[in-house]
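Chemist:
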Amino acid sequence: MTETTQPARPPVWPMYRSLVGIGVLCAVLIVLVFDGTRPIIARNRAEALERAVFTVLPDATRRVTFALVDERRFEPVTNGSGSLLHAGFDADDRLVGVAVEAGGMGYADTISLLYGYSPAAETIVGMQVLTSKETPGLGDKIQTDEDFLANFAALDVKLDETGTTLRHRIETVKQGTKSEPWQIDGITGATISSEAIGDILAASSAYWVPLIRRRLEDLETGGIDAAP
Amino acid sequence: MPEPGKTLDIDTSPHLKSGASVDIIMRNVVVALLPISVFAIYLFGLAALVTLIAATLSCVLTEHLLCRANDKPSTVGDWSVVVTGVIYGLTLPPGLPVWMVIVGGVTGVGLGKFLFGGLGYNAFNPALIGRAFLQAAFPVAMTSWYAPLAADRFVTLPSSTLTLPFATPVYDVLTGPTPLAALKFDGDVTATGDLLLGLTSGSTGETGAVLILAGGLYLIARNMMNWRIPAAILLTVFVLSWIFHRIDPGSYPDPVFMLFAGGLMLGAVFMATDMVASPMTGLGCALYGLLIGALVVVIRLWGGMPEGVMYAILLANAFSPHIDNLIRPRVYGTQRRESP
Amino acid sequence: MPLPDLPPTTPTDEFVKGLWRENPVFVQVLGMCPVLAVSNSAVNALAMGLATTFVMLMSNLLVSSLRNFIPKQVRIASYILIIATFVTIVDYVIAAISLELYNALGAFISLIVVNCLILGRAEAFASKHGIGMAALDALGMGIGFTVALLCLGGVREILGSGSLFGVALFPEAFQPWVVMILPGGGFFTLAGWLLLINYLKERREAASVMLQETPE
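In order, the protein sequence lines correspond to chains A, B and C.
The letter at position 45 of the first sequence is residue 162 when you use this note's numbering, and the numbering goes up by one with no holes.
The letter at position 97 of the second sequence is residue 98 when you use this note's numbering, and the numbering goes up by one with no holes.
The letter at position 105 of the third sequence is residue 698 when you use this note's numbering, and the numbering goes up by one with no holes.
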């Protein structure tokens, strides 16, 4: 071989040819598959979201997603990122509640959840954990324990007179000692995880509930505009 | 084997031996553990007795059977596996299902000791390996504690002890939190008197602090235990928690509580001092103790779990060969410093 | 400069070797990252195994058919490009099939691209063999990988959740061994399987030595 005695000039043209050729081939393949699967993936995601929204807003039959614009008003969007709200409407196009995504640190990793807020009752009416890596058998009771989940069927988040802060911050208490409507009955053995849920809800509701109440008409009219 | 006294033994030095072989030391450790075990049975009754017996038997049998399966002479006679078994039993919650005790014992001796090559080669304390496996596998059962001094403890076994193999234990009596769990999750401080006397709920043998210290002193007096390790651990925990208690007495417990609550005493005296898994030099032992003490304080004060002695010791076990590598004794006769 | 093709072996041999003699997980101990990370349930294990098999099959086919076209100076770059393409495709397809599965496998789908097994087969086999052999090799290795993953995933799911493919196997009272679905359980299970397989191999070798030594 020539290489052993004297380094041969690397074959530049075949190198270009093969890399560019393979690159183009791969790009075409990826684009084709991407184009073919995109609508299916989008539909899957929308369905998953819809299921979650209807779980936390039991009365809702239709969902409209809103984005917070300029930190002041809500506008309906079809798909977007950032601060999103999902308004749920019943069969008569009345706003039954708003589903809000929230997240925070749990025991093992971050927990993300979706909760439903009913402006009429001024309560949280449902909560579903979307992702969590809490210890199986202990911390994951926040997803399975029926007594714990029953807390979120009605959780008081009334505003005080100023309309900017909650009258009572949501808090998690020791199992069996819940005495006020804004308290969450915790889980013995999963103290940290159940407190994490309480903290996530408290922080998120303190931010979102005043905003939603102030601009409630955005959400209500948005629903009628978007109605077919 | 020639009869002693009739032949001339030719051997390398040292020629004068203290006579403290592995089995003599280990038998002494068992003697030191006996009062603790008796006190544990007094506190928790039949549940503790069953747990201790199951733990010891499962460890001894595992070692024996593994030796037999590998056509090696059984090493049960050196008593080291008995010590492992008793210590392992003392770290378990009383009322742990017997089948879980056996799973942990088999794992601890098989995985933590035998696979590494048996006594002298285990990098980690086998008793703690068994307990750590159970903690990861059955977190609920490993944190369910019975209150001490129950009225019927000598006549009835708790329902959880006799759970069928592979079934979830059912606890008939409402369990009491350990002092550390009570502090971490509820902010309740246990009375110091109860802590000193060991009249709290907790692992089978971790509560009787006075008896544990007495057993440790007995072994230290007979020169069978390196006093530097427990001394360094307890001192580090005391000093660190004193500092944090001074900074903010509201959120950090006082140092006496830190010393006597949970498994610190048992761990510092009987588990961190595992001869194989701890460093060899005096300075190394002090460093090793310092590491354990600091880890215990860190895990207890800021960790998610109320107790951290087990993980602190296992982590420090992993460091111990590196400590030995770092601190090497000077070879006799060589220069103190590298000559220029 | 293309590498010279190796002398042909029997197609059956190329297919079967990945299943047992050169099993990628139990013998070559390659691609441990997905093996340990996503074998916490049988479904995840199967999905990861099939995804890896697909990527390996397609990349082996393409690498083998292009083996006289790719100069050896840029071969690794070309292989990575080809493998990454198929991994991206698998990523989209799994998301389209089931979002739940996609979330369970998480980043490990994208990490198939750095699975040394696939690059290893492209470099060590497909670049030196014809298309048919390369496909058989990829299928054998892929099935071997999938079976190994299923062995781990099965044990871990049975002990860790008391079920197999999501179907509960035991009465309600079964106590799950939580450690088995945590990362530590992956190491324990893999070690257990390696122990068993090496024990079997050793016994078989001892038996064959005995056969050779004892004359008929």
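Built from N, CA and C at the ideal position, the CB exists for glycine as well.
Treat the numbers as computed from the prediction; the structure is a model and nothing was measured.
Flag residue 667 of chain C as yes if its beta-carbon sits less than 8 Å from any beta-carbon of chain A, otherwise no.
Modeler: True, the Cβ-Cβ gap to chain A drops below 8 Å.
Chemist: Kindly indicate which residue of B/323, B/83, B/93, B/145 has the alpha-carbon position closest to the one of residue 171 of chain B.
Modeler: Closest by alpha carbon: B/145.
Chemist: Can you find a C-beta in chain C that's less than 8 Å from the C-beta of residue 122 of chain B?
Modeler: Answer no: the Cβ-Cβ gap between residue 122 of chain B and chain C never drops below 8 Å.
Chemist: Would you mind working out which of A/331, A/325, A/309, A/141 sits nearest residue 256 of chain A, comparing C-alpha positions?
Modeler: Cα-wise, what sits closest to residue 256 of chain A is A/309.
Chemist: Just to make sure I have the definition right: I need the residues of chain A whose C-beta is within less than 9 Å of the C-beta of residue 96 of chain B. Which are they?
Modeler: Within chain A, no residue comes near residue 96 of chain B; the closest Cβ sits about 16 Å away, beyond 9 Å.
Chemist: Taking Cβ-Cβ distances below 7 Å as the criterion, which residues of the segment 156-173 of chain B are in contact with chain C?
Modeler: Here the close residues are 167, 168, 169.
Chemist: Thinking C-alpha only, which one of B/101, B/161, B/128, B/110 is nearest residue 138 of chain B?
Modeler: The shortest C-alpha separation from residue 138 of chain B is found at B/101.
Chemist: So, does the segment 219-236 of chain B touch the segment 104-120 of chain B, judging by three or more C-beta pairs under 8 Å?
Modeler: Counting Cβ pairs under 8 Å, fewer than three are found: no touch.
Chemist: Spatial neighbours of residue 224 of chain A within its chain, please: CB distance less than 6 Å, with the 5 preceding and 5 following residues excluded, ordered by chain position.
Modeler: So the qualifying residues of the chain are 251, 256, 309, 310.
Chemist: Anything in the segment 163-190 of chain A with a Cβ closer than 8 Å to a Cβ of chain C? List those residues in chain order, please.
Modeler: Answer set for the segment 163-190 of chain A: 165.
Chemist: Measure the Cβ-Cβ separation of residue 646 of chain C and residue 738 of chain C and say whether it is below 8 Å.
Modeler: Yes, they are a contact pair.
Chemist: Taking buried to mean at least 16 other C-beta atoms within 10 Å of its own C-beta, is residue 809 of chain C buried or exposed?
Modeler: For residue 809 of chain C, the predicted model reports a pLDDT of 48, less than 50, meaning its position is unreliable and no value from the coordinates is stated.
Chemist: Given that residue 766 of chain C touches chain B, what residues does it touch there, using C-beta distances under 7 Å?
Modeler: Ordered by position in chain B, the residues that pass the 7 Å Cβ test against residue 766 of chain C are 168, 169.
Chemist: Are the segment 266-273 of chain B and the segment 87-94 of chain B in contact at 8 Å, needing three or more beta carbon pairs?
Modeler: Enough Cβ pairs lie closer than 8 Å, so yes.
Chemist: For the segment 747-758 of chain C against the segment 665-684 of chain C, do three or more pairs of beta-carbon atoms, one drawn from each stretch, fall closer than 8 Å, so that the two count as touching?
Modeler: At 8 Å Cβ cutoff, the stretches do not touch.
Chemist: Whose CA, out of A/314, A/248, A/261, lies closest to the CA of residue 272 of chain A?
Modeler: Of A/314, A/248, A/261, the residue nearest in Cα terms is A/314.
Chemist: Output, in chain order, the set of chain C residues within a Cβ distance shorter than 7 Å of residue 137 of chain B.
Modeler: The answer, in chain order, is 771, 772, 775, 777.
Chemist: Output, in chain order, the set of chain B residues within a Cβ distance shorter than 7 Å of residue 309 of chain A.
Modeler: 305, listed in chain order.
Chemist: Using Cβ-Cβ distances below 7 Å, what residues of the segment 134-164 of chain A are close to chain C?
Modeler: Residues passing the 7 Å Cβ filter: 135, 136, 139, 140, 143, 146, 147, 150, 151, 154, 157, 158, 161, 162.
Chemist: To the nearest angstrom, how far is the alpha carbon of residue 191 of chain B from that of residue 180 of chain B?
Modeler: Looking at the two C-alpha atoms, the distance is approximately 6 Å.
Chemist: When you compare each of C/729, C/606, C/621, C/631 to residue 649 of chain C by their alpha carbons, which one comes out closest?
Modeler: Out of C/729, C/606, C/621, C/631, C/729 has the C-alpha closest to the C-alpha of residue 649 of chain C.
Chemist: Just reading off the alpha helix (DSSP H) that residue 155 of chain A is part of, what are its end residues?
Modeler: Its alpha helix (DSSP H) spans residues 129-173.
Chemist: Would residue 128 of chain A pass as an interface residue toward chain C - the criterion being a Cβ-Cβ separation below 8 Å?
Modeler: Cβ-Cβ to chain C under 8 Å: yes for residue 128 of chain A.
Chemist: For residue 233 of chain A, list the residues DSSP reports as bridge partners.
Modeler: DSSP, once it has assigned bridges, lists A/216, A/243 as partnering residue 233 of chain A.
Chemist: Run through chain B and tell me which residues come within less than 8 Å of residue 346 of chain A, C-beta to C-beta.
Modeler: What the structure shows of chain A is the stretch from 118 to 345, and residue 346 of chain A is not part of that stretch, so it cannot be assessed.
Chemist: Could you give the first and the last residue of the continuous alpha helix (DSSP H) run that contains residue 26 of chain B?
Modeler: Unbroken alpha helix (DSSP H) run through residue 26 of chain B: 23-45.
Chemist: Could you name the residues of chain C that residue 117 of chain B contacts, counting a contact when the two beta carbons are closer than 8 Å?
Modeler: Under the 8 Å cutoff, chain C gives no residues; its nearest Cβ is about 13 Å from residue 117 of chain B.
Chemist: Along the chain, where does the beta strand (DSSP E) containing residue 127 of chain B start, and where does it finish?
Modeler: Where residue 127 of chain B is concerned, there is no enclosing beta strand (DSSP E), although the alpha helix (DSSP H) it sits in stretches over 127-138.
Chemist: Would you call the segment 240-254 of chain B in contact with the segment 53-69 of chain B, where contact means no fewer than 3 C-beta pairs closer than 8 Å?
Modeler: With the cut-off at 8 Å, the segment 240-254 of chain B and the segment 53-69 of chain B do not touch.
Chemist: For the segment 679-699 of chain C against the segment 156-172 of chain A, do three or more pairs of beta-carbon atoms, one drawn from each stretch, fall closer than 8 Å, so that the two count as touching?
Modeler: These segments touch.
Chemist: Across which residues does DSSP place residue 180 of chain A in a beta bridge pair?
Modeler: Paired residue(s): A/205.
Chemist: Confirm, please, whether the CB-CB distance from residue 277 of chain B to residue 123 of chain B is below 8 Å.
Modeler: Cβ distance < 8 Å, so residue 123 of chain B and residue 277 of chain B count as in contact.
Chemist: Relative to the C-alpha of residue 143 of chain A, which residue among C/652, C/633, C/628, C/624 is closest?
Modeler: It is C/652.
Chemist: What's the gap between the Cα of residue 611 of chain C and the Cα of residue 735 of chain C?
Modeler: Cα to Cα, the separation comes out at about 8 Å.
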